[in-house]
């Protein structure tokens, strides 16, 4: 579907349209209990930017266009862009064994930078941030990147992994001789005009938003503590605003001189083995790929403690949509706001992958068992009538709805609605179910229940 023609670059977006989008952002932030949020829409020629609310619900600090928000996993786009820039300069080869630069990956000689960036290395997601807080990158990777922990041979499957981006950040440091933060600042952020800010900065160079969580007992929204371990910085430590994300989005669709068009194209090219399940329609190098109305958008979603940030960019039209919010409820706000954008502007941004039509629910008795991704255990059990349930590390079990193609939905305990969850996989040699992919993370079957 063609988008509305954009105004000349010298013109500003019509004030009535901006005012209506501002009004919708204000109303949705109140409805979803989100203290503050930003939205930036680049039409291909100009940027419409609005913001609302407070950066901190306790202090009342205003949420401005300059406020930087913890981006969570959207950080991975910046890390991937840095790797692509180094590859474009010939400083590293995306397809050479990463172990040539990182000896801690020595037990996985088939893993390359391409595998790390596309989550096809077969690495587990890595330990939780509290467990990783006191370790170095080399020790972290030596413990995680082992043949025993490998989920599948490199390049044959997809499992979303923060550990892969810890390794990618180490590659950047080894090649440049700088810390990941220094390299990202020099290679990506400052050339894009982004004032750098990272989790853990003692004196940030710009205003910073606090994440928030809803206390269900009191009904109050209160600040949330960011606990990302320093070693995990390349996977989630960047802070930025929606206008910054729009600039990054323009770079990855080849609309900026900072990232060469050839490198941007390589980032957006789908990797053959990268089937992300419920996360997106496909995956490139650092970029999730979403199909809508015959177009392929690229971007990423990120959730830090009490924040929700989203980027979508479409290379043919040059349209970029970026959103930040400083509460967990901002994910639902983002989806509602995307629907309003379609109504108000004709820009249909894919806020989430479209649900597949998979036929009627089926019994899947062969799925029962225990599955493991690193230290995380998934237990699938069948209740009295054969309905499978999923429990993660012993938490309360959640019902699963399974389909003929082995995909499955998770039933939301609060609403009773099925939500896209993932899929089971069969061993091609035996036909038995040997893996489970939930929310993009693959777990290898280890036993029965």
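Numbering (the working numbering), first residue to last: 1050 to 1498.
Here a beta-carbon is modelled for each residue, glycine too, at the ideal position from N, C-alpha and C.
My understanding is that residue 1190 touches residue 1232, with C-beta atoms under 8 Å, so please give their C-beta distance in whole angstroms. About 18 Å; that fails the 8 Å criterion.
Is it buried or exposed for residue 1363, if we count other Cβ within 10 angstroms and need 16 for buried? buried
For residue 1363, the first and last residue of its enclosing beta strand (DSSP E): 1357-1363
What separation, rounded to the nearest whole angstrom, lies between the Cα atoms of residue 1380 and residue 1338? 18 Å
Might you give, ordered along the chain, the residues of its own chain that have their beta carbon closer than 6 Å to the beta carbon of residue 1494, omitting 5 neighbours on each side? 1418, 1420, 1483
Extent of the continuous alpha helix (DSSP H) run through residue 1071: 1064-1080
Cβ shell of residue 1412 (< 6 Å), same chain only, five flanking positions each side left out: 1435
If you draw a straight line from the C-alpha of residue 1235 to the C-alpha of residue 1248, how long is it? 18 Å
Quick one: is residue 1457 buried, meaning 16 or more other Cβ sit within 10 Å of its Cβ, or exposed? buried
Would you kindly report the start and end of the unbroken alpha helix (DSSP H) that includes residue 1389? 1379-1394
Between residue 1156 and the rest of its own chain, which residues show a CB-CB distance below 6 Å, the 5 nearest in sequence each way excluded? 1195, 1196
Output needed for residue 1110: all residues of its chain with C-beta closer than 8 Å, excluding positions within five of it in sequence on either side, in chain order. 1103, 1104, 1256
Candidates 1242, 1182, 1371, 1283: which alpha carbon is nearest residue 1214's? 1283
Leaving out the 5 sequence neighbours to the left and right, which residues in its chain are closer than 6 Å to residue 1244 when beta-carbon positions are compared? 1254, 1255
Taking the alpha carbon of residue 1449 as the point to measure from, which residue in 1442, 1443, 1472 has its own alpha carbon closest? 1472
Does the stretch 1163-1179 come within contact of the stretch 1197-1213, defined as at least 3 CB pairs closer than 8 Å? yes
Quick one: what's got a C-beta closer than 6 Å to residue 1359's C-beta in the same chain, skipping five residues either side? 1350, 1372, 1383
Beta carbon of residue 1485 nearer than 8 Å to that of residue 1459: no
What three-state label does DSSP hand residue 1445 in the structure shown? coil
Determine the DSSP secondary structure at residue 1422, reduced to helix, strand or coil. strand
So who's on the other strand from residue 1482, going by DSSP bridges? 1475
Going by other Cβ atoms of all chains shown within 10 Å of its Cβ, with 16 needed for buried, is residue 1432 buried or exposed? exposed
Tell me whether residue 1324 counts as near the ligand PLP, meaning its Cβ is closer than 7 Å to at least one heavy atom of that ligand. The ligand PLP is absent from the structure shown, which contains no ligands of any kind.
Sorted by chain position, which residues of the same chain lie with C-beta nearer than 6 Å to residue 1324's C-beta, five sequence neighbours on each side aside? 1207
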